Amino acid sequence: MSNNASTADTSIPFSFFTELVQAIGAVKPRKVSDNKNATYSAFPVLQKFRKWVVELNRRHGPLPPDTTPIVFRLLFPEEDVRRKYSMQETRLAQYLADILGVSTKPHGRGARLSKWNGEDTLGCLGNEVESIMAASSTVTESTISMRKVDTLLTELAATCAFSGPTVRGTHTNATKPRSRRAILRALYSSLSPTAASVVTQIILKDLRPLLYPIPEDSTHYTAALLQYNSNAITMLYKEAAMNVWDASGYMLRAFRHRASLEEAAEAYEVFCSTSGEEVAVPEPKVGIAIQIPKCVKGQGCVHALQQLAGANDVWAETKYDGERAQIHIELLKDGTPRITIFSKSGRDSTLDRHGIHSIIQDALGLPHSGADETRGASSSSRRPAFKRGIILEAEMVAFSDTLDRIDEFWRIRSLIASTAVGVRHTHVPEPPEELYDPDDSASESEKSFNSQYSMESDASDGGTRHLALVFFDVLLLDGTSLLSMPYIKRRQILESVVQIIPGYTMLAERKHIKGPNPERGEWTVQEGQLPWVKLKKDYISGYGDTLDLVLIGASWEKDRARELRVPPTTFTTFYLGALANDDMLKQKPTHLPHFQVFFVVSYGLTREKLEELNFMIRASDPVECSPGRHHSEHKPISGLSYSYDLFEGLRPPSVFLRRPLLAEIFGASFTKAPHGRYYEIRFPRISKVFRYSERSWTEGTTLQEFQKIAREAVGRDRSGKAIYDWCSEIFGVPLSPGVKCPEKRKRTEEEWIHKLEMIDQKERSKKRLKTGTGPRTQVHAGMHAHKSGDVENFGTGNDLLKSPPHLMRALGSTTNFTERLALRSQTAPSLNELPLGEESHREMSSALLSPPTSSPQRSHRLAPAIELLDSVSSAMPVVRRSHSNQLIDSLRDEEEDLLQPGAEHRQDAIEAGSILKDLDFAATPMGEFLRCAAVWFAQPCDSPRQSGRVPSRLIIPTGQKLHALDAFLLACGWGESSCDWAEKGVIFVDDTQSGSANQQWGEHPLQILFDLRTSLLKEGKSAQCRPVWIFSIKMLNYESWRGRWMT
0 MSNNASTADT SIPFSFFTEL VQAIGAVKPR KVSDNKNATY SAFPVLQKFR
50 KWVVELNRRH GPLPPDTTPI VFRLLFPEED VRRKYSMQET RLAQYLADIL
100 GVSTKPHGRG ARLSKWNGED TLGCLGNEVE SIMAASSTVT ESTISMRKVD
150 TLLTELAATC AFSGPTVRGT HTNATKPRSR RAILRALYSS LSPTAASVVT
200 QIILKDLRPL LYPIPEDSTH YTAALLQYNS NAITMLYKEA AMNVWDASGY
250 MLRAFRHRAS LEEAAEAYEV FCSTSGEEVA VPEPKVGIAI QIPKCVKGQG
300 CVHALQQLAG ANDVWAETKY DGERAQIHIE LLKDGTPRIT IFSKSGRDST
350 LDRHGIHSII QDALGLPHSG ADETRGASSS SRRPAFKRGI ILEAEMVAFS
400 DTLDRIDEFW RIRSLIASTA VGVRHTHVPE PPEELYDPDD SASESEKSFN
450 SQYSMESDAS DGGTRHLALV FFDVLLLDGT SLLSMPYIKR RQILESVVQI
500 IPGYTMLAER KHIKGPNPER GEWTVQEGQL PWVKLKKDYI SGYGDTLDLV
550 LIGASWEKDR ARELRVPPTT FTTFYLGALA NDDMLKQKPT HLPHFQVFFV
600 VSYGLTREKL EELNFMIRAS DPVECSPGRH HSEHKPISGL SYSYDLFEGL
650 RPPSVFLRRP LLAEIFGASF TKAPHGRYYE IRFPRISKVF RYSERSWTEG
700 TTLQEFQKIA REAVGRDRSG KAIYDWCSEI FGVPLSPGVK CPEKRKRTEE
750 EWIHKLEMID QKERSKKRLK TGTGPRTQVH AGMHAHKSGD VENFGTGNDL
800 LKSPPHLMRA LGSTTNFTER LALRSQTAPS LNELPLGEES HREMSSALLS
850 PPTSSPQRSH RLAPAIELLD SVSSAMPVVR RSHSNQLIDS LRDEEEDLLQ
900 PGAEHRQDAI EAGSILKDLD FAATPMGEFL RCAAVWFAQP CDSPRQSGRV
950 PSRLIIPTGQ KLHALDAFLL ACGWGESSCD WAEKGVIFVD DTQSGSANQQ
1000 WGEHPLQILF DLRTSLLKEG KSAQCRPVWI FSIKMLNYES WRGRWMT
């Protein structure tokens, strides 16, 4: 294609561009059952564009100036970062109703403008505009040119404060700037109905509904989800369009150096105007964004390294949780720096990021005014290491001086808003007292620290929190591009340029993995060769943060729907929450459950699973809610079996479920939404939704448990931990480890190393099976096999591995001890006969103190007593079979059946209770075992009885359940006296606690028993000690009785 700047404007009509949209929209999508063997050259959408380009040159060549940027701005409006319109469907529909002279009232001619996303539509406002205009407009063909449409769109964008400075300048410099309404009227008055629909979607920055419309035979959710998939049509991407437009590849190469379609298009036009002269591809330039290379998502260490096959050296850099900033510095003649900052999307964010200008100046040794000097960093006297300009890559983070580390990601929002200049500046007020964490019981003296935990802290937290920069790359230095330079040299330049300022500027931490050929260390990563690989825990199937939450609502959401290409009859987005009044329900079971609904999820399920969920919701007779209603206008729906609070940042769902469902959700750690009070899962995805017959919503994580898990995951100690630790020291109770505990960190690292090793071994095993080489080996004895399945779209790899391999062994330091006691309780109840000498203690410690390996998709659990006996009985001498031994044997037989692969434990606790209501629990073998036992529950004193657990009063004789460990030890003869009725002691450890609480409540009684036994042995007072058993509290679940005690 050629352009000639001297050629007169041939006025390419906008109707010709409309023909392109119609031609691509007429392409029929492939059904799932159709043949998928198609090559790139056979892509019908690309072929349509190719034919249109040929026809464009035939009819209107040579093309007028600026045709290339105009075409690409119109065809890819989402890439047009300079023009913003601040209008979505609701606001634009109001303007159009006025311009077209129609009413949006229920029976008015323009009613469908306000109901563009109703279930009887295709979810496209452009379609509705076309229908209304076709019924009343006298314009049958557009009389406006493509250039005129583009000019009017620029004028419209100039009225928006969020548009780029070059666009806003056209409005400011105008003699008589027009209003937004006047510009829209001038634009639509010359458009045909079809052209009006195209312009509507361009303003909305989304042409997908017209380019890739929903087929007529898939307006039902089942057909849309099962007959087609997301690849039913290969979409036209900007890179492919550039290759068609410019066969020489010059435009595409320019785009890779300058991450702007407009810059690449303008460079191409300059290239065409040279009349065949050789023109070098534009190099990176200060002030023009450089394209960020795409990263491959590593699904494990082995998978990540496979992407780097052929590289001798690998550098692993820490990925920081912040916002990316591409920093451009140009030194003017007088030495003054001109700073330009681009966001990850390529938008000019210089004024939004004004809070880091002084940090940049300090880090690079640039002059700045005293008023802008970075607090805590003295102005550097050194001169900058460059003379003309530099481009740096950095991550902008929130840094807390109180915590002396990078703060949580969500903290950065208020810091940016409070330090921005211009339209994006927002004042963040000091939060009122009631906005601190609902479970924060800190004293006034702790408020300064606990403001870290508040819902909305002030931006700087009294000056202790501020923005900081983590630099990780340098792309240009004094006009010389460094893109082709080896990483190791770019890093050396970066280290020589950036000055480290504690708390304000840092260099990304990295780890060098040396290869076998040191002489290849200068290997260069170039375009088309090795990629950047990003490895995060939620990219690894089964290893994201996982919780069971309540699903109470659903709706159609346009962005996700257009990815899936489904109509508004399909639910794509689901509303999640947690039970907020569990304490109230324990006291008053008849009280309505109350849910806090504070985030939504749209990803994770395959199309088949999504269709199944849609069917479940439709079949449950959900309660409809007015679509599109703003939160402020939303009134709670009556007639539900629960009450709820909907987070004000959420639009109400289309329907509410009469009975909530339980959903398993995983994601990448936790965050808080703007103005949000509660933690929510970051990048949430659904791994499974349980049917009512499988699991009840009552098994979901409560709001209090959710927040506790989230705080632990993000590295926050619980509120008031200092006070708890002080009390523990007074009463001689072991202190729980804090988030900075070195032992805890080391244990966490070891656990993750083990997890990564297991997933890598599984990947290798799968590869051997696929290639047919090597025996089919089991990674570890006792490991369960897991099924794999296909997933839909980005970030949905959870079904590939439901959970990591679970090693069938005892949980650390909580159980084996009891079996040693129990096995000898008949012949030698005295503790001095137990094999607990120094050697035995070391042997036991090595077996017990290792942390448990369990699925990250479930809370940590204690292995049942039967598993525990298996782990120690082989090492114990043969002893005479006691009544207790016989009971355990019967438990083992029953338990092995329950632990077979595929065994389902999904019976609702309420249903179980009704089935077992006539069972005399005290007459069961477990009840008989507890008849002469002192019983203590190792759990927090305020812990409620878990759903699905037998009430202790039904199985433990009256007066034998003790509420203090000291009383329990006295009853068992581990003190000065004993109770005659207590023949043994039984401790039920609450292993339903989340996180480290699991291990703490198991280790606590065991450590006390070890210490007390040592003391009694030294004093010769161990003769009267009764044996003590330790079981998981799950042994008392209703599920343990089903099929076991009822026969």
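If you're matching positions, the sequence shown starts at 0 in numbering that gives the first Met the number 0 and goes up one per residue.
Backbone N, C-alpha and C define an ideal beta-carbon position, used for all residues, glycine too.
Treat the numbers as computed from the prediction; the structure is a model and nothing was measured.
Taking DSSP as the reference, what is the three-state secondary structure of residue i?
i	result
Phe75	coil
Lys513	coil
Pro1004	helix
Arg404	strand
Ser130	helix
Ser14	helix
Pro659	strand
Lys754	helix
Val878	Its pLDDT being 36, under 50, Val878 is placed unreliably in this model, and the coordinates cannot settle the point.
Ala747	It should be noted that the sequence gives Thr, not Ala, for residue 747. Note: Thr747 maps to helix in three-state DSSP.
Tyr249	helix
Ser357	helix
Gln1099	In the structure as shown, the chain begins at 0 and stops at 1046. Residue 1099 is therefore absent and cannot be evaluated.
Glu268	helix
Met484	coil
Leu19	helix
Val496	helix
Of all the options the options, which has the alpha carbon lying nearest to the alpha carbon of residue i?
i	options	result
Phe42	Ser259, Tyr236, Thr670	Tyr236
Glu679	Ser692, Thr700, Lys175	Thr700
Val148	Gly666, Ile499, Thr17	Thr17
Phe682	Glu322, Ser141, Val599	Val599
Gly345	Ile326, Ile355, Thr120	Ile326
Lys332	Gly297, Leu645, Arg387, Val688	Arg387
Glu607	Ile289, Val198, Ala222	Ala222
Lys232	Ile213, Trp244, Ala240, Thr89	A quick correction: the sequence has Ile, not Lys, at residue 232. If we check each option's Cα against that of Ile232, Ile213 comes out closest.
Glu394	Ala384, Phe385, Ile411, Pro383	Ile411
Gly117	Phe398, Gly286, Thr218	Thr218
Ala279	Gly248, Gly297, Leu550	Gly248
Ile153	Thr142, Ala133, Pro68, Arg207	According to the sequence as given, residue 153 is Thr; it is not Ile. For Thr153, the nearest C-alpha among the options comes from Pro68.
Gly478	Gly286, Ala263, Pro366	Gly286
Ala672	Leu661, Pro659, Glu663, Gly648	Gly648
Cβ of residue i within 7 Å of any heavy atom in the ligand FMN?
i	result
Glu556	In the structure on display, the ligand FMN does not appear, and there are no ligands present to speak of.
Using DSSP bridges, identify the partner residues of residue i.
i	result
Gly984	Ala933, Val1027
Cys294	Trp531
Pro336	Leu330
Met505	Val469
Asn1036	Arg948
Tyr643	Phe594
Gly552	Tyr574, Phe655
Ala324	Ala393
Arg464	Ser399
Ordered list of beta strand (DSSP E) runs contained in the region 564-589, each at least 3 residues = 572-578
So, do the region 649-666 and the region 601-621 have three or more beta carbon pairs nearer to each other than 8 Å?
-> yes
Do the region 54-61 and the region 246-264 touch if we need at least three Cβ pairs shorter than 8 Å?
-> no
At least three beta-carbon pairs within less than 8 Å, the region 351-363 to the region 283-303 = no
Starting from the N-terminal side, write out each stretch of the beta strand (DSSP E) that is 3 residues or longer and does not extend beyond the region 659-684.
-> none
Looking at C-beta atoms only, is the number of pairs between the region 959-972 and the region 928-946 that lie closer than 8 Å three or more?
-> yes
Taking only runs of the beta strand (DSSP E) that begin and end inside the region 81-164, which ones reach a length of at least 3 residues, in chain order?
-> none
When the Cβ atoms of the region 633-645 are set against those of the region 655-669, are three or more pairs found closer than 8 Å?
-> yes
How do the region 241-253 and the region 74-85 stand: do at least 3 beta-carbon pairs fall below 8 Å, yes or no?
-> no
Stretch-stretch touch, CB-based, cutoff 8 Å, three pairs: the region 200-207 with the region 157-165 = no
Using 8 Å as the threshold, is the region 80-99 in touch with the region 175-188, meaning 3 or more CB pairs across them?
-> yes
Quick check: the region 581-601 against the region 722-734, are there 3 or more CB pairs under 8 Å?
-> no
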